[in-house]
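Since the structure comes first, as structure tokens, the remarks are kept for the end.
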Amino acid sequence: MVTRVFITGIGGFIGCHLSEFLAKKGCEVWGSYFRPTNDMSVPASYAKGLFNIDVRQRSHLEDALQKVRPHVVYHLAAQSYPMVSYKEPEYTVESNVMGTLNLFEAMLHLDLRGTRVLLASSTAAYGFIDPSEAPVTESQPFRPAHVYGMSKAAQDLLGSTYFNAHGLDIIRLRIGNCVGLRRTGEVVSDFTRRRAQIDLGIIGPEFHVGNLHTKRAFLDVRDAVEGFWALQEKGKGGEAYNISGADAVSMQQLLDVVLSGCSKSVQVVRDLSLVRSVDELIYWNDLSKIERHTGWKPHRALRETVEDMIEWWKTELSKAPEGGNKV
1 MVTRVFITGI
11 GGFIGCHLSE
21 FLAKKGCEVW
31 GSYFRPTNDM
41 SVPASYAKGL
51 FNIDVRQRSH
61 LEDALQKVRP
71 HVVYHLAAQS
81 YPMVSYKEPE
91 YTVESNVMGT
101 LNLFEAMLHL
111 DLRGTRVLLA
121 SSTAAYGFID
131 PSEAPVTESQ
141 PFRPAHVYGM
151 SKAAQDLLGS
161 TYFNAHGLDI
171 IRLRIGNCVG
181 LRRTGEVVSD
191 FTRRRAQIDL
201 GIIGPEFHVG
211 NLHTKRAFLD
221 VRDAVEGFWA
231 LQEKGKGGEA
241 YNISGADAVS
251 MQQLLDVVLS
261 GCSKSVQVVR
271 DLSLVRSVDE
281 LIYWNDLSKI
291 ERHTGWKPHR
301 ALRETVEDMI
311 EWWKTELSKA
321 PEGGNKV
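The sequence shown maps to residues 1 to 327 in UniProt numbering.
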């Protein structure tokens with residue numbers, strides 16, 4: 001039997017990669033998008049059908065689910081940028097919390113209790129981590145640092161509640177900093193784009209940076225979708241799983257990797273406008289649970305990811321007139 005998969009947020013960075021991966025695994029892929037952040041030609045190439053749906057509108061979501069009757073749902077639709085949550089806290093909560101509630105209620109109404117749900121939560125829900133608490137396990141209390149993190153904590157708790165109270169087969173994916181080709185609007189993407197612009201002569205050899213002391217464990221999106229598949233096949237309903245990079249690196253270490261091999265002498269400039277008003281100092285997650293349950297662990301090195309992203313940016317920037325701002 002062919003597995004029918006419905007991806008909310010298929011027009012986003014992860015959804016774009018996931019649609020391609022699942023289609024190549026032989027799944028029948030369907031999805032919804034709203035204000036897509038990626039080129040829709042990729043999911044359109046692999047999906048059997050696409051719906052333009054704002055997950056804040058439950059009836060529209062329910063209509064799509066009724067048509068597809070999926071065996072698996074990936075709930076990726078979200079306002080996924082912490083910086084945006086400072087400016088648009090209401091939209092962040094409505095999309096991430098109410099959107100998730102609408103999905104679960106629609107599934108109950110359609111009696112889709114047998115459908116496996118992979119809920120894209122975030123390690124941002126953990127928030128403030130003392131170095132003594134790292135690596136962070138799934139039992140770590142939530143102490144979110146911003147509205148985005150709070151919304152992901154609430155989303156995660158909704159997943160637990162609807163599993164326990166209503167029997168929906170929900171697995172919570174606490175996803176770390178996911179990076180890779182086609183990603184925009186986050187630090188690795190910004191750094192690699194600027195490196196590509198410097199290499200191409202579009203901008204001068206000057207790098208503006210924020211706080212270089214914070215640490216993050218970066219996960220290549222190609223590793224991420226392999227982890228999603230492992231949880232789809234082997235994950236335990238009702239459980240939460242960290243799915244992130246294995247090793248924390250500082251922003252200084254990231255910058256060093258990005259600039260290594262650059263033929264130009266680059267001046268690094270500290271820019272206070274790039275520093276978050278509140279920031280988590282460290283994210284380093286314990287991955288033993290997901291490896292124990294599924295055998296998955298990330299295997300791509302940060303250098304491989306960075307080099308691939310620099311080359312991708314060079315290709316994209318070369319498509320635009322004068323190296324312009326299409327992407």
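C-beta atoms are modelled at their ideal positions from N, C-alpha and C, and glycine is treated no differently.
Give the DSSP-derived three-state secondary structure of Tyr86 in the structure shown. helix
Specify, as a first and last residue, the run of the beta strand (DSSP E) that Arg222 falls within. Counting along the chain, Arg222 falls outside any beta strand (DSSP E), though it belongs to the alpha helix (DSSP H) covering 221–234.
Range covered by the alpha helix (DSSP H) that runs through Asn102: 99–109
Given 8 Å, three or more beta-carbon pairs between the segment 29–39 and the segment 9–18: yes
Beta-carbon within less than 6 Å of Met309's beta-carbon, same chain only, minus the 5 sequence neighbours each way: which residues are those? Thr192
Per DSSP, which one or two residues make a beta bridge with Leu173? Ala120, Tyr241
What are the partner residues of Trp313, as DSSP defines its beta bridges? None; Trp313 has no bridge partner.
Apart from the five residues on each side of it in sequence, which residues of its chain come closer than 8 Å, Cβ to Cβ, to Lys297? Ala246, Leu287, Ile290, Glu291
Contacting residues, own chain, Cβ-Cβ under 6 Å from Thr100 (five flanking each side not counted): Gln155, Leu158
For Ala153 and Leu22, I'd like the C-alpha separation in whole angstroms. For Ala153 and Leu22, the distance between alpha carbons rounds to 27 Å.
Taking DSSP as the reference, what is the three-state secondary structure of Leu158? Of the three classes helix, strand and coil, the one that applies to Leu158 here is helix, per DSSP.
Could you give the distance in angstroms between the alpha-carbon of Met150 and the alpha-carbon of Asn177? 16 Å
For Phe207 versus Val179, is the C-beta distance shorter than 9 Å? no
Chain-order list of residues whose beta-carbon lies under 6 Å from that of Arg143 (same chain, five-residue window excluded): Gly127, Phe128
Need the endpoints of the alpha helix (DSSP H) that Arg194 sits in, please. 187–200
Where Gln267 and Leu255 are concerned, what is the direct C-alpha to C-alpha distance, given to the nearest angstrom? 12 Å
Specify, as a first and last residue, the run of the beta strand (DSSP E) that Gly60 falls within. The amino acid occupying residue 60 in the given sequence is His; Gly does not appear at that position. No beta strand (DSSP E) holds His60; the alpha helix (DSSP H) holding it covers 58–68.
With DSSP collapsed to three states, give me the class of Phe13. helix
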